[in-house]
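J.: Quick one: this structure, given as structure tokens, is what I'll be asking you about.
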Ligand code: UT7
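Numbering (this note's numbering), first residue to last: 145 to 456.
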């Protein structure tokens with residue numbers, strides 16, 4: 145869906161959206177598609193690319209915020225069944241836009257502890273189903289998508305290629321980006337709950353300020369504790385929320401914005417799917433070679449934020 149198409153039903157313009165966010169398009173799932181429907185084909189491809197069969201997967205982790213069902217069952221179980229991972233446990237990781245960063249570190253911890261050998265990690269989001277399509281403050285920003293990876297042990301003696309992670313949260317900002325009704329805090333009351341309360345709501349300015357700081361602070365901290373300089377990182381791969389957030393962070397770090405891989409122009413903000421979507425595109429386009437160091441940076445509702453330092 146292009147920015148132009150949005151102007152047909154909401155008071156906005158291509159010029160405003162692109163100049164304030166760097167977004168030109170977003171992809172929208174079909175009416176009958178849920179989060180698991182996007183994750184399953186991505187998961188199949190990831191398992192195949194890892195040279196494995198689904199039966200060899202020990203754990204399925206799905207990062208998603210509008211899941212297939214509210215609360216139960218987990219979307220991960222639907223994905224586990226959909227790919228035939230008959231020997232795997234399955235659970236959702238709920239950290240919204242930081243979900244992939246959290247799930248990758250969870251996978252690393254399971255593999256390192258020896259509790260699982262091969263872990264499928266998927267980020268999948270169908271935000272189009274929880275949008276207030278008349279709220280121009282939010283509906284222009286998000287899109288649907290999914291991406292997946294498999295985390296497996298390195299050969300004996302080889303160092304981990306997920307080198308380090310930082311996971312952080314600040315729940316005092318919980319209401320800055322939320323879906324107010326439908327859970328146990330504000331239950332859905334038929335005929336009384338306004339539709340807008342079932343949709344995503346955001347204090348954009350507040351989240352913007354938090355996001356710039358989160359990107360800068362997590363990058364500096366993860367580099368410092370691993371004794372790496374900014375120059376040693378091939379690409380910074382941020383959550384693709386808004387180009388201006390990344391431009392502001394790049395300026396504070398004193399590096400050109402092209403050190404960050406950005407593709408929000410095509411996909412908009414796909415929350416937990418944005419980092420695996422970017423990694424897939426970078427890999428397909430030959431932008432990253434084995435051994436290249438990447439920093440993946442997430443930030444979003446919770447508030448949550450964090451980073452993974454990986455060697456591709
Ligand atoms: O993934 C989770 C993380 N989420 C984010 O990272 C989002 C963080 N926040 C942002 O990216 C930005 O704050 C936004 C893109 C949401 C908003 O950009 P902004 O430059 O902070 O705009 P603003 O909220 O200060 O609004 C400026 C003006 C307002 O008009 P008035 O009150 O000055 O007359 C808005 O009503 O722009 C207006 N506006 C729009 N105009 C046309 C807001 N949305 C739109 C729109 N089209 N879609």
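Glycine is no exception: its CB is placed at the ideal position from the N, C-alpha and C atoms.
At what residue ranges does the region 328-375 contain a whole run of the alpha helix (DSSP H), taking only runs of 4 or more?
T.: Entirely contained in the region 328-375, the alpha helix (DSSP H) runs reaching 4 residues are, in chain order, 348-369.
J.: Short of 7 Å in beta carbon distance, which residues of its chain neighbour residue 221, apart from the five on each side in sequence? Order them along the chain.
T.: Around residue 221: 234.
J.: From what residue to what residue does the alpha helix (DSSP H) around residue 418 run?
T.: Unbroken alpha helix (DSSP H) run through residue 418: 418-428.
J.: As an exercise, report each continuous beta strand (DSSP E) stretch of at least 3 residues that is fully enclosed by the region 296-322, in chain order.
T.: Counting whole runs of 3 or more residues, the region 296-322 contains the beta strand (DSSP E) stretches 306-313.
J.: Between 437, 214, 151 and 393, which has its C-alpha nearest residue 328's C-alpha?
T.: Comparing Cα positions, the closest option is 214.
J.: Using the C-alpha atoms, what's the distance from residue 441 back to residue 177?
T.: Between residue 177 and residue 441, the C-alpha separation is close to 28 Å.
J.: Skipping 5 residues on each side, what residues in its chain have a beta carbon closer than 6 Å to that of residue 374?
T.: Around residue 374: 399.
J.: Please classify residue 493: does DSSP put it in a helix, a strand, or coil?
T.: Residue 493 is absent from the model: the chain starts at 145 and stops at 456.
J.: Taking 8 Å as the cut-off, does the region 264-272 touch the region 243-253 (at least 3 CB pairs, one atom from each stretch)?
T.: With the cut-off at 8 Å, the region 243-253 and the region 264-272 touch.
J.: Between residue 169 and the ligand UT7, is the CB less than 7 Å from at least one heavy atom?
T.: Residue 169 Cβ: outside cutoff for every heavy atom of the ligand UT7.
J.: Would you decide whether residue 184 is buried or exposed? Buried here means 16 or more other CB atoms lie within 10 Å of its CB.
T.: Residue 184 is buried by the Cβ-count criterion.
J.: Kindly give me the distance between the Cβ atoms of residue 252 and residue 306, rounded to whole angstroms, as I take these residues to be in contact under 8 Å.
T.: At roughly 4 Å, the Cβ-Cβ gap stays under 8 Å, so residue 252 and residue 306 are in contact.
J.: Pick helix, strand or coil for residue 162, following the three-state DSSP scheme.
T.: Note: residue 162 maps to helix in three-state DSSP.
J.: So, residue 486 versus residue 453, is the Cβ gap smaller than 8 Å?
T.: As displayed, the chain neither begins before 145 nor continues past 456, which places residue 486 out of reach and without an answer.
J.: On the DSSP letters alone, give me the boundaries of the beta strand (DSSP E) that residue 236 sits inside.
T.: 233-237 is the span of the beta strand (DSSP E), which, as asked, contains residue 236.
J.: Compute the Euclidean distance between the alpha carbons of residue 260 and residue 288, then round it to the nearest angstrom.
T.: Those two C-alpha atoms are separated by around 30 Å.
J.: Distance cutoff 8 Å, beta carbons only. Does residue 248 sit that close to anything in chain C?
T.: In the structure shown, chain C cannot be found, because there is only a single protein chain.
J.: According to DSSP, residue 269 sits in a beta bridge with which residue or residues?
T.: 289.
J.: Is residue 348 a contact residue of the ligand UT7, with contact defined as CB to any heavy atom under 7 Å?
T.: True, at least one ligand heavy atom lies under 7 Å from that Cβ.
J.: Thinking C-alpha only, which one of 295, 387 and 361 is nearest residue 412?
T.: Looking at the Cα atoms, 387 is the closest of the given residues.
J.: Closer than 8 Å is the cut-off here; do at least three beta carbon pairs connect the region 294-303 with the region 412-426?
T.: Segments in contact, no.
J.: Going by alpha carbons, who is nearest to residue 416 out of 395, 147, 443 and 203?
T.: Comparing Cα-Cα distances from residue 416 to each of 395, 147, 443 and 203, the minimum goes to 443.
J.: Short check: CB of residue 240 to CB of residue 209, under 8 Å?
T.: Result yes, Cβ atoms of residue 240 and residue 209 sit closer than 8 Å.
J.: Just curious, the beta strand (DSSP E) that residue 437 is in, first and last residue?
T.: Unbroken beta strand (DSSP E) run through residue 437: 437-444.
J.: Hey, is residue 407 close to the ligand UT7, as in C-beta under 7 Å from one of its heavy atoms?
T.: Every heavy atom of the ligand UT7 is 7 Å or more from the Cβ of residue 407, so no.
J.: Please confirm whether residue 206 and residue 219 have their CB atoms less than 8 Å apart.
T.: In contact: residue 206 and residue 219 (Cβ atoms closer than 8 Å).
J.: Would you call the CB atoms of residue 389 and residue 355 closer than 8 Å?
T.: Going by C-beta atoms, residue 389 is nearer than 8 Å to residue 355.
J.: Compute every distance between the C-beta of residue 241 and the non-hydrogen atoms of the ligand UT7, then say whether any falls below 7 Å.
T.: It does: the Cβ of residue 241 is within 7 Å (strictly closer) of some heavy atom of the ligand UT7.
J.: Kindly identify the DSSP beta-bridge partner or partners of residue 449.
T.: Paired residues: 312 and 443.
J.: Whose C-beta lies closer than 7 Å to the C-beta of residue 272 among residues of the same chain, with five residues either side of it excluded?
T.: Within the same chain, residue 272 has close Cβ partners 172, 173 and 288.
J.: Out of 277, 232 and 291, which one is the CA nearest neighbour of residue 263?
T.: The candidate whose alpha carbon is nearest that of residue 263 is 232.
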